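Keeping their order, the protein sequence lines are chains A and B. If you read the first sequence in this note's numbering, its first letter stands for residue 1, the second for the next number, and so on. If you read the second sequence in this note's numbering, its first letter stands for residue 1, the second for the next number, and so on. One structure below.
Protein chains: 2
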Amino acid sequence: MRKDPARLEFEIQARDGSARTGLIRCGHGEIATPAFIPLATKASVRSLSAGEVAELGYVLVLGNAFHLHLSPGEDRIAAHGGLHGFMGWDRAIITDSGGFQVFSLAHGGVADEIKGRRGEGEGRAKVEISERGVAFQSLLDGSDRFIGPEESMAIQAKLGSDIALVFDECTPYHADRDYTARAMERTHRWLARCLQWHEREGPPGQAVFGIVQGGVHEELRREAAQKVGEAAVDGIAIGGTLGRDKPEMAEVLALTAPLLPADAPVHLLGIGEVDDLMRAIPLGMDVFDCAVPTRLARHGVALAPEPEGRFRIDLAKQRFADDDGPLAEGCPCEACRRHSRAYIHYLARARELTGARLLTLHNLTYMERLMAGAREAISAGGYGAYASAVLAGAAPWAAPVAATGAAAGPRPNEG
Amino acid sequence: MRKDPARLEFEIQARDGSARTGLIRCGHGEIATPAFIPLATKASVRSLSAGEVAELGYVLVLGNAFHLHLSPGEDRIAAHGGLHGFMGWDRAIITDSGGFQVFSLAHGGVADEIKGRRGEGEGRAKVEISERGVAFQSLLDGSDRFIGPEESMAIQAKLGSDIALVFDECTPYHADRDYTARAMERTHRWLARCLQWHEREGPPGQAVFGIVQGGVHEELRREAAQKVGEAAVDGIAIGGTLGRDKPEMAEVLALTAPLLPADAPVHLLGIGEVDDLMRAIPLGMDVFDCAVPTRLARHGVALAPEPEGRFRIDLAKQRFADDDGPLAEGCPCEACRRHSRAYIHYLARARELTGARLLTLHNLTYMERLMAGAREAISAGGYGAYASAVLAGAAPWAAPVAATGAAAGPRPNEG
């Protein structure tokens, strides 16, 4: 670990078991943790303006080096004040390295595959992987492109993100142990090259997070945790497959977490379902990014305190056609304060943009309140009760945050 | 004309030549005129929530009886508090009768045709027009439907709009004089039936506007103006083809306007381009609805003070790729305050929802400021100078609103 307050500081303010709440201070703001990070993959949180994302309470969004390299290009973004200036966002930005995306061109549908489902019938793009990096064709214009560790860091430097992620290979669930081990070793060599490049040419204020790979294999995760923890990184991300299902994910995280430096901010990559977050936070995870809340919104699905339904309700279902209630009782978002399930059912069925937008506002409000509750609960030493209540179907704003005892109970609705 | 303050009042507060500014008071608010009416055809202003439409300064939106009848149905909407309750909008609503839409099923692409362009290659739906009304098949589910004057008024009664429009036939440009005359006469018989139905069964507080048809034919427009003006309507809308081009439109409006009752609020249906509004206001038109500002936004086009370019700029054009300026200098909208043309160019090219949304906010801000300027200018007796400045390329917020003289000049930017 590197500790350079000019790049990043992580202050743990309270602990409740292994769960912790604190502040990540970086170039453009302070992020209260645990935090959910909305995706601004292509320089916007889909359907929202930057101002609205801030109003929802978010301080950190995640952009993607691969997508922004292909269009509009990092040089164009740099010419407009970096990603902050380009997208009109003056709070913090973390950028993904593009490793996940270039390898998904090769593996095909990695997003599915790392969860243990093989991609089917997807066209494989022309991709060549070597020690130097990954050559591929742009799906936008067919042009030849190359991204390796140095290229990824150079893109992220021009994007000017507050936190860059190193270039890595995210190995899928179906990769065997041998492939996973070799990929991990190359990822470690790439980690060194990323840090060398960044030391020499990176923006002085930009922090770098290393990525722990190793798939579901304990000894590989152990090796990766040690290697990344010893490197001059400002924080640690956990990537790669975490197994085929939620129990296996919990296992892999439980074995990986204790191996990480105790004072490093930990970013669990690509995980953002309500129950996953509730179970990852007590293992010491601090930040989480995930496409699910915003993608679900665009498909007519709202987050809701429904443990039987994966904490989701599909508004397009006929049973909501005459439902006068809000998406989630007590939710302080604009959709819930002002609109009924019946209206949003209708908008979702009619594929109206306003429906996608109201659901995006709701889902991101839900995630922010879920994490705000977790932070309060950890501060009060009541995380266990909070998480249990949420997992049993309490809304984030109604679950108890105080430590168990006489004073505990549901909070008044703060909306 | 009927004058029932329990339904609608129109108070003209100032005149400047034939242009006038005033207030329409109806069940859910006071509309300052001249006013632009955003379309909420299917119960939402696309990409905006109801709250945002209000924040933009709009008091009146236009819903559509045809679309809302097909889905979700007027009974479902009535069960949720009418269109106001269903869409969470507590300000005023005017509903279109559906006449335009059912006849467009027959004529095919009436929207183009009334402007003199024949629709080409469009499938014709099964439609039967009779004295009683129009039978057609729903394009959504193939079900048989029938809308005539009574049905349209019954739908609008259930929607609970503040202002209903009578059921009429909007004749296209290519209809000959004889067809236009016969259609107009039927429209007048339908007007009587609409008013009879509404007198008997309509909501007491709902106002009804009659529609003046007659195509481009002076004697028909004269006859229609007289007929509708004598009926027990609360206001008058001008519909049908206004000719093949802008000069012909100005001619048809100039001959129709003086024939209308002087104290009736006048709604010019479906017209909303910047120059058209500037030329229609001094003829005594009060409110305008049009799909153009919001539809353009979804196609990457911003309204701008560019008379050479139909007051539009197409953000997808390459010349905006590195343009750091706002969509329109001095515009107070969120897109202009916070974002560059370069960013919106990128979002438009990438077809990102946030782009459609920012452009919708901009275009509706532009229209509201255009009309606010017109209102101020009429009050100050300076409408001529205001309209000339806008037509010559001044932004609505920078065009002079005071009467010509020493005090005249561009206003400070109010944004």
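Glycine included, each C-beta is placed from N, C-alpha and C at the ideal position. Everything numeric in this text was worked out from a predicted model, so none of it was measured.
Whether residue i touches residue j by CB criterion (7 Å)
i        : j        : result
A/Ser152 : A/Gly98  : yes
A/Leu165 : A/Asp96  : yes
A/Ala183 : A/Thr171 : yes
A/Arg186 : A/His217 : no
A/Gly373 : A/Tyr383 : no
B/Ala32  : B/Leu23  : yes
A/Pro396 : A/Arg369 : yes
A/Leu255 : A/Met249 : no
A/His299 : A/Phe320 : no
B/Ser49  : A/Glu352 : no
B/Ala207 : B/Cys336 : no
B/Ile155 : B/Gly133 : no
A/Thr21  : A/Arg312 : no
A/Thr294 : A/Thr365 : no
A/Ala257 : A/Leu268 : no
B/Leu260 : B/Ala237 : no
B/Asp162 : B/His339 : no
B/Asp327 : B/Ala302 : This sequence places Leu at residue 327 of chain B; Asp is not what is there. Yes; because the gap between Cβ atoms is below 7 Å, this pair is in contact.
Chain A contact residues for residue i, given Cβ-Cβ distances below 8 Å
i        : result
B/Tyr366 : Under the 8 Å cutoff, chain A gives no residues; its nearest Cβ is about 17 Å from B/Tyr366.
B/Tyr343 : Ala43, His80, Phe86, Met87 and Gly88
B/Leu253 : Within 8 Å Cβ-Cβ: nothing; B/Leu253 doesn't reach chain A, min ~33 Å.
Interface residues of chain B facing residue i [CB-CB closer than 9 Å]
i        : result
A/Tyr58  : None at all; the shortest Cβ gap to chain B is about 15 Å.
A/Thr171 : Correct list: empty, because the minimum Cβ distance to chain B is about 30 Å.
Bridge partner(s) assigned by DSSP for residue i
i        : result
B/Glu30  : B/Arg25
B/Glu251 : Partner(s): none; B/Glu251 has no beta bridge.
B/Asp144 : B/Gln137
B/Leu8   : B/Cys26
A/Thr95  : A/Gly63 and A/Ala164
A/His423 : Since the first residue of chain A shown is 1 and the last is 415, residue 423 of chain A is not available in this structure.
A/Ile129 : A/Val134
A/Leu303 : A/Arg312
Interface residues of chain A facing residue i [CB-CB closer than 9 Å]
i       : result
B/Ser71 : Tyr346, Arg349 and Ala350
Contacts that residue i makes with chain B (C-beta to C-beta distance below 7 Å)
i        : result
A/His499 : Outside the displayed range of chain A (1 to 415) lies residue 499 of chain A, so it cannot be described from this structure.
Environment of residue i [buried if 16+ CB atoms lie within 10 Å]
i        : result
B/Ser138 : exposed
B/Phe167 : buried
B/Gln318 : exposed
B/Gly309 : exposed
B/Gln13  : exposed
B/Lys126 : exposed
A/Lys446 : Outside the shown range of chain A, which is 1 to 415, sits residue 446 of chain A, and nothing can be said about it.
B/Gly284 : buried
B/Ala157 : buried
A/Pro265 : buried
B/Val110 : Because the pLDDT of B/Val110 is 47, which lies under 50, any placement of that residue in the model is unreliable, and the number read from its coordinates should be weighed accordingly. Answer is buried; the Cβ neighbour count reaches 16.
B/Asp4   : exposed
B/Leu62  : buried
A/Leu8   : buried
A/Lys227 : buried
B/Glu223 : buried
B/Arg118 : Interpretation of B/Arg118 is limited by its pLDDT of 49, a score under 50 that renders its predicted location unreliable; the figure taken from the coordinates is listed afterwards. Exposed, since its Cβ has fewer than 16 Cβ neighbours within 10 Å.
A/Gly325 : exposed
B/Glu230 : exposed
B/Ala304 : buried
Residue i: contacting residues in chain B (beta-carbon distance under 8 Å)
i        : result
A/Leu7   : A small correction: the amino acid at residue 7 of chain A is Arg; Leu does not occupy that position in the sequence shown. Within 8 Å Cβ-Cβ: nothing; A/Arg7 doesn't reach chain B, min ~27 Å.
A/Ala356 : Leu353
What are the residues in the region 75-99 of chain B lying within 8 Å of chain A by C-beta distance? Answer set for the region 75-99 of chain B: Arg76, Ala79, His80, Phe86, Met87 and Gly88.
Return the residues of the region 33-58 of chain A that lie within a Cβ-Cβ distance of less than 8 Å from chain B, sorted by chain order. Residues are counted here when their Cβ sits less than 8 Å from a Cβ of chain B; for the region 33-58 of chain A these are Lys42, Ala43, Ser44, Val45, Arg46, Ser47, Leu48, Ser49, Ala50 and Gly51, given in chain order.
Proximal residues, the region 362-388 of chain A versus chain B, C-beta separation under 9 Å: Result list empty, no residue passes.
Return the residues of the region 319-334 of chain B that lie within a Cβ-Cβ distance of less than 9 Å from chain A, sorted by chain order. So the list reads Ala321, Asp322, Asp324 and Glu334, given in the order they occur along the chain.
For the region 177-189 of chain B, which residues have a CB atom closer than 7 Å to at least one CB atom of chain A, in sequence order? If the cut-off is 7 Å between Cβ atoms, the region 177-189 of chain B has nothing near chain A.
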